[in-house]
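Residue numbers (the UniProt record's numbering): 1 to 90.
Pasting the structure below:
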């Protein structure tokens, strides 16, 4: 089973996260199938970059986001889609 989850990056006491698609039972920082976003909670406001087209693709294939990733998608997913559509429309 696949999961869309956070993978910790960054240095000690300065976390940033990749949002990745990986096997549900694999280690937090282990191998992953695809990097679909980035999250940096230490910035004000938090920096979030999501590739919504790839997230939708993996969710259609059965990948389930963790609770925190689901919140990030709900909060920032619409902004990511509007930004992507604005760039391609120019």
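Using N, Cα and C, we set each Cβ at its ideal position, and we do this for glycine too. In this text the structure is predicted, and so the values were computed from the model without any measurement.
Check	Outcome
Which listed residue (57, 66, 22 and 36) has its alpha carbon closest to that of residue 1	22
Cβ-based neighbour list, residue 3, same chain, cut-off 8 Å, excluding 5 preceding and 5 following	21, 22, 23, 24, 63, 64, 65 and 66
Pair within 7 Å by beta-carbon distance, residue 9 and residue 16	yes
Three-state class that DSSP yields for residue 71 in the structure shown	helix
7 Å CB neighbourhood of residue 5 in its chain, flanking five on each side removed	20, 22, 66 and 69
Cα-Cα separation, residue 18 to residue 40	9 Å
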